[in-house]
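Visitor: Going down the list, the protein sequences come from chains A and B.
If you count by the numbering used here, then the first sequence holds residues 1 to 151, one letter each, in order.
If you count by the numbering used here, then the second sequence holds residues 1001 to 1146, one letter each, in order.
Could you have a look at this structure, given as structure tokens, before my questions?
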Amino acid sequence: MSATEARVLIIEDNDALRAMLFTILRHQPLGVDTSVGAEDALEKTRQCDYALILIDMSLANGDGMTFLTRFREERPEATTFVLAVRDPNSDAPMDANLVSAMVNKPLEIDTLADVVRECALVVPPPDDPLPCPPAESEFRSHFDDSGAFFN
Amino acid sequence: MPTNDKRILIVDDDDAIRALLFTILRRRRFAVDGARNGLEALTRLRTCVYSVMLLDLMMPMKSGWDVLDELKKLPTDARPMVIVLTAGNEARDLDPSIVAASIRKPFDVELLMATVTACMNALTERPQLPDCPPPDTAAVPAGKVN
């Protein structure tokens, strides 16, 4: 993974869903990080310019909206594409200033992979990018399909 | 004394698809059971606790939709994580409280298996039901799928 390739942040507090999303996206030509909630995610966005943030709007304690509001306050210049994952039965309004697009649960694995890759790759990088630490997808293996495919 | 277990249920009426998924997951050392239709799946679900279920929708006897309806009756913590295998032309009204994700056929096998593996690694073991038999992966000789 090159440092110049698009970086994606997954914000999901459900361990299994986070692992699933991480695995789906690390198969794409992207640098992938994960967070379990707003504080952790905000800390990551202070260290790295993300092309795309995939956030579950059903995070506990309203963390989804907390993160989005504070992220826009802290990084108003960010060109990050924010893709919100939401329950289709939810009637909570989405602020277009906070969210770029929405996808409904349950997620279509193949469609999600395509959408995230294509969106992340067209987001322009910042003029003066932050010096990101290595992406989790570069060194993390415990979520993934470690070992040979047919081992 | 119940034992803890992490087990996968593959539900598909297509023998080849079921064999493919079963074989790969067995090689990855997962405990796997198979069901050829919704009726068999419901029987399995009454007997064993599953961590992950791969569920085809269009099946004879009882469909995947019927299985999802039955799953709704289970307590949330007793339900498996469900990944639906779709033909892509079904109505997009899967209940997100029951279904974690879906993937369209023909699916990318490597991506699907990586996804299932990640889910299994992230999920914790749960007490297995006392009358749950050994998984098909333990009982069926290599190369044979129920």
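Note that beta-carbon positions come from the ideal geometry of N, C-alpha and C, so glycine has one too.
On a predicted model such as this, the values are computed, not experimentally measured, just so you know.
1. In angstroms, rounded to a whole number, what distance separates the CA positions of LYS105 of chain A and PRO1133 of chain B?
2. In whole angstroms, what separates the C-alpha of ASP114 of chain A from that of CYS1048 of chain B?
3. Just to make sure I have the definition right: I need the residues of chain A whose C-beta is within less than 9 Å of the C-beta of VAL1067 of chain B. Which are they?
4. Assuming the contact rule is C-beta atoms closer than 8 Å, VAL123 of chain A and ALA6 of chain A should be a hit. Round their C-beta distance to whole Å, please.
5. Does any C-beta atom of chain B lie closer than 7 Å to the C-beta of ASP114 of chain A?
6. For the putative contact between ALA1031 of chain B and PRO1135 of chain B, defined by C-beta atoms under 8 Å, what is the C-beta separation to the nearest angstrom?
7. Taking 7 Å as the CB-CB limit, is PRO1106 of chain B close to chain A?
8. Give the DSSP bridge partners of ALA101 of chain A, in chain order.
9. Which same chain residues end up closer than 6 Å to MET57 of chain A when comparing Cβ atoms and leaving out the 5 residues on each side of it in sequence?
10. Give the C-beta separation of VAL1116 of chain B and VAL1067 of chain B to the nearest angstrom, bearing in mind that I take them to be a contact with Cβ-Cβ under 8 Å.
11. Have a look at A:TYR50, A:ASP13, A:ASP91 and A:ASP95 and flag the residue whose alpha-carbon is nearest the alpha-carbon of ARG178 of chain A.
12. According to a CB-to-CB cut-off of less than 8 Å, which residues of the region 9-26 of chain A neighbour chain B?
13. Quick check on THR1086 of chain B: buried or exposed, where buried means 16 or more other Cβ atoms within 10 Å of its Cβ?
14. With 16 other CB atoms within 10 Å as the buried threshold, where does PRO1210 of chain B fall?
15. When the Cα of ASN153 of chain A is compared with those of B:SER1097, B:MET1061, B:GLU1040 and B:ASN1004, which residue comes out closest?
16. Is the separation between the beta-carbon of MET1061 of chain B and that of LEU1039 of chain B shorter than 7 Å?
Guide: Reading it off the structure:
1. Answer to the nearest angstrom: the Cα atoms are 33 Å apart.
2. Answer to the nearest angstrom: the Cα atoms are 35 Å apart.
3. The contacting residues do not exist; VAL1067 of chain B stays about 15 Å from chain A at best.
4. Right, their Cβ atoms sit about 7 Å apart.
5. Not a single C-beta of chain B is nearer than 7 Å to the C-beta of ASP114 of chain A.
6. Rounded, the Cβ-Cβ distance is 4 Å, consistent with contact.
7. No, PRO1106 of chain B lies away from the interface with chain A (no Cβ there is under 7 Å from its Cβ).
8. Beta-bridge pairing links ALA101 of chain A to A:LEU83.
9. GLY64, ALA84 and ARG86.
10. Not quite, the Cβ-Cβ distance comes to about 18 Å (not below 8 Å), so this is no contact.
11. In the structure as shown, chain A begins at 1 and stops at 151. Residue 178 of chain A is therefore absent and cannot be evaluated.
12. Among the residues of the region 9-26 of chain A, those with a Cβ less than 8 Å away from any Cβ of chain B are ASP15, ALA16, LEU17, ARG18, ALA19, MET20, PHE22, THR23 and ILE24, in the order of the chain.
13. THR1086 of chain B sits buried, since 16 or more C-beta atoms from the chains shown fall within 10 Å of its C-beta.
14. Residue numbering for chain B in the displayed model covers 1001 to 1146; residue 1210 of chain B lies beyond these limits and cannot be assessed.
15. In this structure chain A extends from 1 to 151, so residue 153 of chain A is not present and cannot be described.
16. In this structure, LEU1039 of chain B lies closer than 7 Å to MET1061 of chain B by Cβ.
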